[in-house]
Amino acid sequence: MTAFIVRRVLMGVVVLWLVSVVTFFLIHLAPGGPSAAISFDSTAEQREALLKQFGLYDPPLVRYGKWIVGTVRGDLGVSYNQGLPVGQLLMQRLPNTLTLGLAALVAATLLGLLLGTLAAVYRNGWVDHVVSTISTLGMSIPGFWLGIVAIILFAVQLRWLPASGIVSSSGAGSLVDRLRHLVLPAGVLAFTLMPNVVRVTRSALLEVNRADYVRTAKGKGLAPGTVLFKHAFKNALVPVLAVLGLVTTALFSGSVVIESVFGWPGLGRLAIEAANGRDYPVILGATLLAGLIVVVVNLLVDLLYAAVDPRIRHE
Amino acid sequence: MSDAAGSLIQAGKDDARKAQRARFWRRVRRQPVGIVALAVLVLLAAAVWLGPLAYRTAPNRTDARNILKAPTAAHPLGTDELGRDVLARVLAGGRVSLSVGLLAMVVGLAIGTLAGGLAGYFRGRVEVVVMRLVDVFMAIPNFFLILVVVTAFGNHPVTVIVTVGIGFWAQMARVVHAEFVKVRGFEFVEAARALGATHPRTMLRHVMPQVVPQAIVLASLGVGWAILTEAGLSYLGLGIQPPLASWGNMLQNAQSYLWLKPELAIYPGLFIAATVLAFNVLGNALRDVFDPRG
């Protein structure tokens with residue numbers, strides 16, 4: 319197991335390093351590159367000073383070297399537009415994205431497990447068809463539009479929930495107030511992520527149902543519910559676990575747009591602001607941080623997977 | 181070989197082909213929902229490309245005196261915040277969104293098939309390099325990757341198409357790679373090689389046809405994904421730029437008028453959802469047609 323863990327961690331580090339290479343050089347080799355970002359509204363001298371200050375006179379490889387050495391030490395450079403350290407900006411936003419993401423992940427997983435199980439139990443019946451319709455809708459409806467519709471319905475028409483932000487100015491940030499702000503964005507995000515979980519749960523349960531031990535359990539006359547929960551479900555959970563890595567990646571993509579719809583001050587919104595303002599250090603930092611979290615989550619999923627299913631360790 | 185034997189073999193081949201075709205159409209007929217989805221897509225395409233021939237209102241003409249108007253005979257879906265005709269913009273936006281979706285799918289599928297195919301066919305070092313690159317692209321959440329590219333290279337429509345395509349080449353490559361590895365091991369491929377077929381010929385004539393059904397399914401699902409992504413990007417102001425309409429960027433300003441005129445935010449989204457839904461349903465139906473056991 320130790321060798322397996324070491325190998326997986328090393329692979330994660332390599333992937334992360336490659337992520338840094340790909341994103342850095344995409345930006346720094348683009349025509350104009352970062353230096354184009356500070357060309358407007360500045361005189362020639364100011365431009366010169368800025369280019370020098372941000373080290374943009376160095377050749378790209380040197381720039382990358384300096385950046386990656388700093389990054390490893392936790393120094394991601396300074397935002398062009400805000401003049402603050404990138405690390406500080408990211409850390410301000412990260413907790414908000416984690417709150418939203420975790421809430422959406424839990425909701426999507428529970429909902430997906432429930433619907434997927436129902437679909438498998440009532441295979442090919444009307445329940446199955448309803449579930450498959452819901453999950454195809456979840457795959458097809460743009461999350462940001464669903465968010466807008468939810469705002470129209472629950473904030474504008476019914477006035478049940480706030481339309482945007484993370485706390486209201488009057489609510490003084492009580493827990494209830496925070497939860498009320500969380501419901502719509504997390505719900506919408508969960509709805510778009512849920513189809514992945516539904517599909518895997520359904521097919522995993524159907525797969526397990528064909529296994530000999532389930533047939534034996536049924537054959538010795540156990541109640542269907544007992545077979546489902548004591549025998550089938552436990553084994554079906556393994557593939558579901560595996561899909562959570564994929565869902566986390568999708569979560570970050572989805573949160574970029576959802577955070578903008580609901581004015582949620584998270585990492586995704588920061589990335590959008592940075593993209594609009596061509597704030598390269600910030601967008602590099604945000605992408606790398608998102609990549610780091612995805613890699614770590616996938617690593618944890620792999621390790622859990624190996625702990626649950628010993629065959630994986632000896633691949 | 182005598183002519184008679186030759187024609188007999190030919191007749192046998194024709195029969196086999198006919199039977200195969202009949203089986204295929206039988207399976208197609210078992211997918212009524214998929215057929216409906218295809219019909220919806222054909223209708224949508226006809227509406228956005230041929231519609232403007234019948235409905236001649238200009239999508240970009242502003243009219244300061246007719247802002248945010250309710251539907252009338254002249255403007256069946258009303259007007260937006262600049263007095264532009266919403267129906268004309270929905271049609272024009274559909275043209276852009278469908279084109280971007282289709283072309284981005286072609287880009288993603290082309291890169292993915294090439295990379296995945298080479299990796300799965302040659303294995304060894306090529307496979308290690310390509311698949312590690314796939315891991316890298318899978319580790320960067322799509323939208324962040326796309327933001328990086330758009331920030332660096334700007335948002336010309338061609339850039340948007342390539343960018344969205346790059347957003348999902350890795351997924352395509354993974355599937356195509358697995359298929360190539362599987363098919364490569366079959367005897368008929370080995371036989372082709374033994375008979376002296378070159379690598380390119382073996383790949384294109386013998387392996388590729390087996391991968392095509394999977395690729396078609398992926399393509400259908402991919403267009404849906406590409407349309408969603410372009411819509412999100414344009415909604416955020418980073419994709420297709422106004423005044424050129426796209427379903428995504430029509431929603432960009434609509435959010436400011438939610439309290440005044442919520443319908444503005446409804447129409448483009450309905451079209452996106454219907455189109456993507458049709459592509460997803462079509463993709464799933466195609467999967468069932470090509471792989472009835474699944």
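Residue numbers (this note's numbering), protein chains in the order written: chain A, 319 to 633; chain B, 181 to 474.
Glycine included, C-beta positions come from ideal geometry on N, C-alpha and C.
Just so you know, these numbers come straight off a predicted model, no measurement behind them.
If you draw a straight line from the Cα of L374 (chain A) to the Cα of L476 (chain A), it is about 53 Å long. In summary, D376 (chain A) is exposed, with fewer than 16 beta-carbon neighbours lying within 10 Å of its beta-carbon over all protein chains present. Of all residues in the stretch 595–606 of chain A, only R596, Y598, I601, L602, A604 and T605 come within less than 8 Å of chain B when Cβ atoms are compared, listed by chain position.
Between W427 (chain B) and I452 (chain B) the beta-carbon gap is near 5 Å, inside 8 Å, which marks them as a contact.
Within the same chain, V329, V330 and F333 come within 8 Å of T339 (chain B) by CB-CB distance, once the 5 residues on both sides are set aside.
In the three-state reduction of the DSSP assignment, T378 (chain B) falls in the coil class, being assigned neither a helical nor a strand state. In chain order, L457, N460 and V461 make up the part of chain B whose C-beta sits under 7 Å from the C-beta of T454 (chain A).
Excluding five sequence positions before and after L564 (chain A), the CB atoms of its chain that fall closer than 7 Å to its own CB belong to N514, given in chain order.
Contact residues of the stretch 191–217 of chain B toward chain A are absent (C-beta to C-beta distance below 8 Å). Using a Cβ-Cβ cut-off of 7 Å, A453 (chain B) counts as an interface residue toward chain A, since at least one Cβ of chain A sits closer than that to its own. The same chain holds no residue with a CB closer than 6 Å to that of T252 (chain B) once the five nearest residues on each side in sequence are set aside. Separation of G537 (chain A) and L283 (chain B) (C-alpha to C-alpha, rounded to the nearest whole angstrom) is 54 Å. For P232 (chain B), the enclosing alpha helix (DSSP H) starts and ends at P212 to A234. Residue-level contact by beta carbon fails for Q390 (chain B) and chain A, as no gap is shorter than 7 Å. The criterion of a C-beta distance shorter than 7 Å is not satisfied by A554 (chain A) and L511 (chain A).
A Cβ-Cβ separation of about 6 Å places L334 (chain A) in contact with L610 (chain A) under the 8 Å criterion.
In terms of beta-carbon proximity, Q394 (chain B) stays away from the interface with chain A, with every pair separated by 7 Å or more. The alpha helix (DSSP H) runs of length 4 or more contained entirely in the stretch 487–524 of chain A do not exist; there are none. For G463 (chain B), the closest C-alpha among the options B:S414, B:G412 and B:P393 is that of B:P393. Listed along chain B are P321, F323 and F324, each with a C-beta nearer than 8 Å to that of F570 (chain A).
As summarised for the stretch 378–428 of chain A, the continuous alpha helix (DSSP H) elements at least 4 residues long and confined to that stretch are 378–390, given in chain order. Straight-line spacing of the CA atoms in L471 (chain A) and R498 (chain A) works out to 15 Å. Taking 7 Å as the cut-off, the beta carbon of A395 (chain B) is found no closer than this to the beta carbon of H357 (chain B). Burial state of D471 (chain B) is exposed, judged by a 10 Å Cβ sphere holding fewer than 16 other Cβ atoms. According to the DSSP assignment, N460 (chain B) belongs to the alpha helix (DSSP H) that extends over E443 to F470. Within its own chain, the residues whose Cβ lies closer than 7 Å to the Cβ of S397 (chain A), once the five positions on either side in sequence are excluded, are V404, L407, D597, P599 and V600, listed in chain order.
Under the three-state reduction of DSSP output, T339 (chain B) falls in the helix class. For F342 (chain A), no CB of chain B lies under 7 Å from its own CB, so it is not counted at the interface with that chain.
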